[in-house]
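Asker:
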Amino acid sequence: MKNKLLVVQGALMPALEARLVAQYDTVLLPPPSPSREAVLAAEGAGIEGLATSARFGADAALIAALPQLQVISSFGVGLDTLDLDAARARGIAVGYTPDVLNDCVADTAFALLMDVARRISAADRFVRRGDWLRGQFPTATKVSGKRLGILGMGRIGRVIARRASGFDMEVRYHNRHALTDVDYPYAASLKELAEWADFLVIASAGGADTQGLVSAEILDALGPQGYLVNISRGTVVDEAALVDALAHNRIAGAGLDVFAREPQVPAALAALDNVVLLPHLASNTRETRAAMAQRVEDNLAAFFAGRPLVSAAL
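If you number the sequence shown the way full-length UniProt numbering does, the last residue is 314 and the count never jumps.
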C-alpha cells in the first residue's frame, strides 16, 4: 500500500510533483480557500507525509489538520515558514534542501554586489536609452580589494567568503557567536561589522529572531559609501528604513533578491536607480532546482523506508 502524501499545489516543480504522484497516494492541496478546507476535511485524517516549499511552508493550523502526519519534506533551505515548534511537539520529521543551492546563492550574491557597485544594470539601461550618444556613463565603485562583511557565516555565508577571496577582499563576519572553524575575524556586533564594511551581505536565517535586524541604525553605520546585498530573507531588513537610506543617499546602493512581502515590492524602492532588484531567483538554475527536487524526493523515500532523512531540520 502506498503512503498517503499531501502536496501543496504550486510549491513544487511540475516534474517533481509528477514523480511524487506516481510514487505515493497523493492528495493535492489548493491555495487557501473553501476548497482547501474541504480537501483537508475529507483527506487530512489519513495524510502521513507533506511536500511543501520554503515559500508556502506549513503553519501550525495545517499541521494540526493532519493528525497522522509523520514527515514534512520542504523544497528550499528557509525554515521560517515552517512551524518547527508544532512539528517538534508532534515528533514530526522535517526535511529540507540545504547545501545543493549554496553555490548558486553565493554566485547571485556576488552578481548583485558587482552589479550595484559597477552599475552594470544602470549602464545597460544607459546604452539602451541612447544616452551614450550624448555623453559618458558616470564612474562606478571598485570591488576588488574592498572590505566584505557577512551577516550569517553559515553554509552559504562561507561560500560567499570563498568567492570574496578571488576578488582579494578582506572578510569579516557577525553571527550570534564567534565560530571556531573559520579563520575570518569576528565582529562582536552587527553595527561594528557595518561600520567596518564597504559591502554588507545578508546571509542569515529569516524568522522572528532576525526580523528587522538590519535597521536604520545599521544602515547609517554602513554609511554613504557602503552597499547592502540581501540574498537571505526580506524580513531581515527594515524595508522602509532601507528605502529612506537609499533615497537620501545615506548608503551608496543595494542589491536585493528578497523582499519583506514577496512578490510585492514597494513602488518607492522600484523607482530608485541605486538599487538592483531580482525576483527571489538565487537558487533558480536548472542544475540546482533539479538537485533540490531530488532532495525532496530522497527525504521522503528515506523516511518511509525507515532510514534517517538525507537533510533533516528536525
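Built from N, CA and C at the ideal position, the CB exists for glycine as well.
Can you tell me the Cβ-Cβ gap for R147 and D107, rounded? I've got them flagged as a contact below 8 Å.
Answerer: With 8 Å as the limit, R147 and D107 do not qualify as a contact, their Cβ atoms being about 21 Å apart.
Asker: Closest by CA to D257, which one among A22, S35, V229 and A11?
Answerer: Residue V229 is the option with its Cα nearest to D257.
Asker: Out of curiosity, what's the CA-to-CA distance linking W132 and G206?
Answerer: Rounded to the nearest angstrom, the two C-alpha atoms are 42 Å apart.
Asker: Look up F259 in the DSSP assignment and give the residues it is bridged to.
Answerer: Per DSSP, none; premise fails for F259.
Asker: Return the Cβ separation of V116 and V276 in integer angstroms, given the expectation that the two are a contact with Cβ distance under 8 Å.
Answerer: Rounded, the Cβ-Cβ distance is 5 Å, consistent with contact.
Asker: Less than 8 Å between C-beta atoms, sequence neighbours within five positions excluded: which residues of the same chain meet that for residue 335?
Answerer: Coverage of the chain is limited to positions 1 through 314, which leaves residue 335 absent and any answer about it impossible.
Asker: Nearest-angstrom Cα distance between A187 and L66?
Answerer: If you take the alpha carbons of A187 and L66, they lie about 44 Å apart.
Asker: I'd like to know if the segment 40-51 and the segment 285-293 are in contact, where contact means that at least 3 CB-CB pairs between them fall below 8 Å.
Answerer: Taking 8 Å as the limit for Cβ pairs, the verdict is that the segment 285-293 does not touch the segment 40-51.
Asker: Could you tell me which uninterrupted beta strand (DSSP E) segments, each at least 3 residues in length, are contained entirely in the segment 43-70, listed from first to last along the chain?
Answerer: List check, beta strand (DSSP E) in window: 49-53.
Asker: Where V71 and S232 are concerned, what is the direct C-alpha to C-alpha distance, given to the nearest angstrom?
Answerer: Taking the straight line joining both Cα atoms gives about 25 Å.
Asker: Using the Cβ count rule (16 or more neighbours within 10 Å means buried), how would you classify P32?
Answerer: With fewer than 16 Cβ atoms within 10 Å of its Cβ, P32 is classed as exposed.
Asker: Reducing DSSP to helix, strand and coil, say where Q264 ends up.
Answerer: Reduced to three states, the DSSP call for Q264 is strand.
Asker: Can you name the residues that DSSP bridges to F25?
Answerer: Sequence inspection shows Asp at residue 25; the Phe mentioned does not correspond to that position. Paired residue(s): K4.
Asker: Decide if residue 341 is buried, meaning its Cβ has at least 16 other Cβ atoms within 10 Å, or exposed.
Answerer: Shown here, the chain extends from 1 to 314; a query on residue 341 therefore has no answer.
Asker: Once you ignore the five residues that flank V265 on each side, which residues in its own chain have a CB closer than 8 Å to its CB?
Answerer: Closer than 8 Å at the Cβ level, and outside the excluded window around V265, lie F259 and L277.
Asker: I need the straight-line Cα distance from R163 to R125, nearest angstrom please.
Answerer: The straight-line gap from Cα to Cα measures roughly 27 Å.
Asker: Please determine, among N3, T97 and R36, the residue with the shortest C-alpha to C-alpha distance to G76.
Answerer: Closest option to G76, Cα to Cα, is T97.
Asker: Could you compute how far the alpha carbon of A58 sits from the alpha carbon of G46?
Answerer: Using only the alpha carbons, I get a separation of about 17 Å.
Asker: With a Cβ-Cβ cutoff of 8 Å, do residue 344 and G226 count as a contact?
Answerer: In this structure the chain extends from 1 to 314, so residue 344 is not present and cannot be described.
Asker: How many angstroms separate the CA atom of L40 from the CA atom of L12?
Answerer: Straight-line Cα distance between these residues: approximately 19 Å.
Asker: Quick check on A89: buried or exposed, where buried means 16 or more other Cβ atoms within 10 Å of its Cβ?
Answerer: So A89 counts as exposed.
Asker: Ignoring anything shorter than 3 residues or poking outside the segment 188-271, list the beta strand (DSSP E) runs there in chain order.
Answerer: Within the segment 188-271, the complete beta strand (DSSP E) runs of at least 3 residues are 199-202, 227-230 and 253-256.
Asker: Would you decide whether V214 is buried or exposed? Buried here means 16 or more other CB atoms lie within 10 Å of its CB.
Answerer: Buried: at least 16 other Cβ atoms inside 10 Å.
Asker: Roughly how many whole angstroms lie between the Cα atoms of L69 and A270?
Answerer: Straight-line Cα distance between these residues: approximately 42 Å.
Asker: Tell me whether E17 is buried or exposed, calling it buried when 16 or more other Cβ atoms sit within 10 Å of its Cβ.
Answerer: Looking at its Cβ environment, which holds 16 or more other Cβ atoms inside 10 Å, E17 is buried.
Asker: Can you check whether the CB of A194 is closer than 8 Å to the CB of I156?
Answerer: No, Cβ-Cβ distance for I156 and A194 is not below 8 Å.
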